[in-house]
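K.L.:
In this note's numbering, the protein residues as written are 18 to 573.
1. Within 10 angstroms of the Cβ of residue 498, are there 16 or more other Cβ atoms? Answer buried if so, exposed if not.
2. Excluding five sequence neighbours on each side, which residues of the same chain lie with their C-beta closer than 8 Å to the C-beta of residue 312?
3. Can you tell me which of the three DSSP states residue 188 falls into?
4. Helix, strand or coil for residue 213 per DSSP?
5. In three-state terms, what does DSSP make of residue 490?
6. What are the start and end residues of each continuous alpha helix (DSSP H) run of 4 or more residues lying completely inside the region 519 to 564, in chain order?
7. Name the DSSP beta bridge partners of residue 334, please?
8. Report the three-state DSSP secondary structure of residue 17 (helix, strand or coil).
9. Between residue 54 and residue 183, what straight-line distance do the alpha-carbon atoms span, to the nearest angstrom?
10. Taking residue 440 as part of the beta strand (DSSP E), name the residues at either end of that continuous run.
11. As a quick exercise: from 100, 71, 385 and 533, pick the residue whose alpha carbon is nearest that of residue 506.
12. Note down, in chain order, each residue of its chain lying with its Cβ closer than 6 Å to the Cβ of residue 567, except the 5 sequence neighbours on either side.
13. Between residue 257 and residue 361, what straight-line distance do the alpha-carbon atoms span, to the nearest angstrom?
14. Mind checking who residue 256 pairs with in its DSSP beta bridge?
15. Quick one: any contact between the region 449 to 466 and the region 82 to 97, if contact means 3 or more CB pairs under 8 Å?
16. Could I get the ranges of all uninterrupted beta strand (DSSP E) runs contained in the region 264 to 328, with 3 residues as the minimum, in chain order?
17. Does DSSP classify residue 244 as helix, strand or coil?
18. Once DSSP output is grouped into helix, strand and coil, what is the label at residue 566?
19. Using only the alpha-carbon positions, how far apart do residue 222 and residue 420 sit?
20. Could you check where the beta strand (DSSP E) with residue 459 kicks off and where it finishes?
21. Ignore the nearest five residues each way along the sequence and tell me which others in residue 424's own chain have a CB closer than 6 Å to its CB.
22. Buried or exposed, going by whether 16 or more other CB atoms sit within 10 Å of the CB of residue 69?
23. List the whole-angstrom C-beta distance separating residue 319 from residue 308, where the pair is believed to meet the contact cut-off of C-beta under 8 Å.
24. CB-CB under 8 Å to residue 356, same chain, minus the five flanking residues each way: which ones, in chain order?
25. Please classify residue 571: does DSSP put it in a helix, a strand, or coil?
26. I think residue 246 touches residue 299, with their Cβ atoms under 8 Å apart; what is that distance to the nearest whole Å?
27. Counting beta carbon pairs with one atom in the region 540 to 555 and one in the region 444 to 456, are three or more of them shorter than 8 Å?
28. Classify residue 563 as buried or exposed, calling it buried when 16 or more other Cβ atoms lie within 10 Å of its own Cβ.
29. If we ignore side chains and look at the alpha-carbon of each, how far apart do residue 202 and residue 132 end up?
30. Rounded to the nearest angstrom, what separates residue 67 and residue 235 at their Cα positions?
31. Among the residues of its own chain, which have a CB less than 6 Å from the CB of residue 78, if the five just before and after it don't count?
32. Of the choices 483, 528 and 513, whose alpha-carbon is the least far from that of residue 503?
33. What distance in whole Å lies between the Cβ atoms of residue 269 and residue 433, which are believed to be in contact at a cut-off of 8 Å?
34. Across which residues does DSSP place residue 351 in a beta bridge pair?
35. Which runs of the beta strand (DSSP E) at least 3 residues long sit entirely within the region 386 to 455? Give them in chain order.
36. Hey, out of 291, 321, 288 and 292, whose CA is closest to residue 301's CA?
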């Protein structure tokens with residue numbers, strides 16, 4: 018009995034120590050999860066009154082936001098870092114709130130358990146505990162300015178400033194934890210003899226999907242900061258980092274994710290490195306210098322085009338190294354693997370090339386470019402919209418191996434020499450590409466009435482695909498895919514019929530059959546999936562495991 022009491026006492030002490038450690042750790046994580054706002058000289062808040070000017074046009078002093086006929090918001094802001102943030106927040110308050118609703122709703126759908134969401138919130142808070150130390154003072158002030166207009170309804174995640182700061186690292190966290198890599202962004206460029214008029218053209222698809230609602234309120238932002246260069250970028254409410262943009266010097270920046278290890282702590286978010294390059298670099302050397310001095314905790318490729326240098330390069334950066342890929346020719350391609358010699362033998366990069374869709378898509382991109390020289394903005398759009406595989410093979414609609422995966426948040430074409438950029442309109446990159454002339458936009462002295470600022474004569478027509486039966490079928494396929502994720506019933510025959518050459522249609526049908534216990538039917542669907550062009554080795558292996566499961570459950 019004494020021994021039993023001793024064991025019980027020891028167990029109780031151990032359990033008590035464990036609970037105490039958990040409590041201390043919980044309090045620590047809770048405390049470090051809240052960021053101290055920067056100190057600002059606030060001379061703008063009282064003056065930053067939003068005025069309704071005309072129709073969709075709203076203004077704060079000479080800065081403004083409007084909604085164009087394509088459903089895209091256009092916003093111009095100027096001033097000091099804090100002023101940029103306050104004006105951005107006041108003008109785009111509705112978009113900031115809607116964006117956060119869309120983001121959190123999708124997170125709830127992806128992670129239904131409130132317990133797991135809270136657990137992940139604190140894990141991310143712990144990982145990001147030193148995030149402000151890696152963000153420049155001016156960007157902290159700007160984000161703080163924006164946060165003044167965020168909604169208090171999301172305080173269960175954190176206070177306004179902490180939430181918005183963490184959102185700037187969301188791509189990096191998701192990328193690192195699951196190697197999501199925003200699925201598979203694609204960018205490319207050409208100049209000299211490879212374009213019709215010799216001017217540089219840069220194109221990119223930003224394949225980022227966090228639910229359809231997240232992509233509804235895109236903003237074309239025109240920034241006139243009191244320090245650095247004027248620049249334009251495609252963004253969303255509350256986000257001041259850059260994923261695709263061009264400055265007044267004709268320097269462009271687009272980011273593509275590469276495979277990364279799980280980070281041990283915070284560093285500068287990739288989008289804020291790209292923002293700094295866009296705001297302060299006039300040429301490639303200056304862009305490289307900025308990228309070198311910033312520590313990142315994920316691996317990323319920055320395709321930088323420069324009118325000053327008359328070429329484009331890819332800056333490839335890991336948490337430990339930096340490499341430069343210069344093709345030494347008049348064209349360049351970038352998908353989701355590294356090309357610089359510095360990373361030839363890097364284990365993660367080798368794995369990425371062997372197991373992902375990146376190399377296949379890269380080869381398809383080269384094939385498309387070679388078949389379309391000399392390039393024009395229209396031909397760039399044609400390439401960005403291409404849904405086929407190598408040799409024009411039908412690999413189904415939505416395949417990650419295609420340049421156009423039909424998930425893009427946005428697609429953009431830059432012409433740095435003329436400071437023009439074409440931005441896609443819904444759906445994805447299938448709608449019209451509308452053109453902005455940065456010189457003309459930045460020459461505006463405010464907007465006195467709600468008027469168009471696009472170059473209407475340079476609009477690239479919508480893809481004819483959106484008028485076809487095949488497009489309607491794809492929407493049916495997509496609806497069934499969403500239904501499966503939500504645990505709803507689907508018509509398996511209609512699913513495969515709507516996208517017959519896409520392996521994932523058969524995988525979806527098979528998964529539904531397994532849920533119903535229909536293993537023989539599921540087996541047939543999975544076996545058919547293996548005859549199609551599967552995007553990644555991981556997905557192929559997952560289907561093979563499901564085949565083994567079905568065979569195990571089919572009674573003789």
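Glycine included, every Cβ here is placed at the ideal spot set by N, Cα and C. Keep in mind it's a predicted model, so treat the numbers as computed, not measured.
P.N.:
Checking against the coordinates, here is how it stands:
1. Residue mapping note: residue 498 aligns to position 481 of the chain shown, counting from 1. Residue 498 is buried by the Cβ-count criterion.
2. Here residue 312 is taken as the residue at index 295 of the chain shown, counted from 1. Excluding positions up to five away in sequence, the list reads 151, 284, 285 and 336.
3. For the purposes of this step, residue 188 is taken as the residue at position 171 of the chain shown. Looking at residue 188 - three-state DSSP - the assignment turns out to be helix.
4. Counting from 1 along the chain shown, the entry for residue 213 is found at position 196. Reduced to three states, the DSSP call for residue 213 is coil.
5. Counted from its first residue, the chain shown places residue 490 at position 473. In the structure shown, residue 490 sits in a helix (DSSP, three-state: H, G or I).
6. Runs found: 520 to 533 and 536 to 546.
7. The residue you call residue 334 lines up with position 317 of the chain shown. Answer is 317 and 339, bridged to residue 334.
8. One cannot answer for residue 17 here, as it falls past the ends of the chain, which runs 18 to 573.
9. Position 37 of the chain shown holds residue 54. Position 166 of the chain shown holds residue 183. Roughly 13 Å separates the two Cα atoms.
10. Here residue 440 is taken as the residue at index 423 of the chain shown, counted from 1. From DSSP, the beta strand (DSSP E) with residue 440 extends over 437 to 441.
11. Taking the first residue of the chain shown as 1, we reach residue 506 at position 489. The shortest Cα separation from residue 506 among 100, 71, 385 and 533 belongs to 533.
12. Along the chain shown, read from residue 1 onward, the residue named residue 567 stands at position 550. So the list reads 536, 539 and 540, once near-sequence residues are dropped.
13. The residue you call residue 257 lines up with position 240 of the chain shown. The residue you call residue 361 lines up with position 344 of the chain shown. Spanning the two alpha carbons is a distance of roughly 34 Å.
14. Counting from one through the chain shown, the residue named residue 256 turns up at place 239. Note: residue 256 sits in no beta bridge, so no partner.
15. Taking a contact to require three or more Cβ pairs closer than 8 Å, the region 449 to 466 and the region 82 to 97 qualify as touching.
16. Within the region 264 to 328, the runs of beta strand (DSSP E) at least 3 residues long that lie entirely inside it are, in chain order, 268 to 274 and 317 to 323.
17. Within the chain shown, residue 244 is the residue found at index 227, counting from 1. Shown here, residue 244 sits in coil according to DSSP, grouped into three states, outside any helix or strand.
18. Within the chain shown, residue 566 is the residue found at index 549, counting from 1. Helix, per DSSP.
19. Stepping through the chain shown from its first residue, residue 222 is reached at position 205. Stepping through the chain shown from its first residue, residue 420 is reached at position 403. Spanning the two alpha carbons is a distance of roughly 8 Å.
20. Taking the first residue of the chain shown as 1, we reach residue 459 at position 442. Not the beta strand (DSSP E): residue 459 falls in the alpha helix (DSSP H), residues 455 to 460.
21. On the chain shown, residue 424 is found 407 positions in, with the first residue counted as 1. Excluding positions up to five away in sequence, the list reads 224 and 226.
22. Along the chain shown, read from residue 1 onward, the residue named residue 69 stands at position 52. Result: exposed.
23. For the purposes of this step, residue 319 is identified with residue 302 of the chain shown, where counting begins at 1. For the purposes of this step, residue 308 is identified with residue 291 of the chain shown, where counting begins at 1. With a Cβ gap of about 6 Å, residue 319 and residue 308 count as contacting.
24. The count along the chain shown starts at 1 and reaches residue 356 at position 339. Excluding the 5 residues flanking it on each side, residue 356 has same chain C-beta neighbours closer than 8 Å at 331, 333 and 342, in chain order.
25. By 1-based counting over the chain shown, the position of residue 571 is 554. Residue 571 falls in the coil class under three-state DSSP.
26. For this step, residue 246 is matched to residue 229 along the chain shown. For this step, residue 299 is matched to residue 282 along the chain shown. With 8 Å as the limit, residue 246 and residue 299 qualify as a contact, their Cβ atoms being about 7 Å apart.
27. no
28. Here residue 563 refers to the residue found at position 546 of the chain shown. The Cβ neighbour count for residue 563, taken over all protein chains shown within 10 Å, is at least 16; the residue is labelled buried.
29. If you number the chain shown from 1, residue 202 lands on position 185. If you number the chain shown from 1, residue 132 lands on position 115. Distance between the alpha carbons of residue 202 and residue 132: 32 Å.
30. Taking the chain shown and counting its residues from 1, one reaches residue 67 at position 50. Taking the chain shown and counting its residues from 1, one reaches residue 235 at position 218. The alpha-carbon atoms of residue 67 and residue 235 are separated by roughly 20 Å.
31. Within the chain shown, the letter at position 61 stands for residue 78. Excluding sequence neighbours, residue 78 sits near nothing in its chain.
32. For the purposes of this step, residue 503 is taken as the residue at position 486 of the chain shown. Taking only the C-alpha atoms, the option nearest residue 503 is 528.
33. Working through the chain shown from its first residue, we reach residue 433 at position 416. Working through the chain shown from its first residue, we reach residue 269 at position 252. Rounded, the Cβ-Cβ distance is 6 Å, consistent with contact.
34. Reading the chain shown from its first residue, position 334 is the one you call residue 351. According to DSSP, residue 351 bridges with 204.
35. 427 to 432, 437 to 441 and 450 to 454
36. Residue numbering aside, residue 301 sits at position 284 when the chain shown is read from its first letter. The residue with the shortest Cα to Cα distance from residue 301 is 321.
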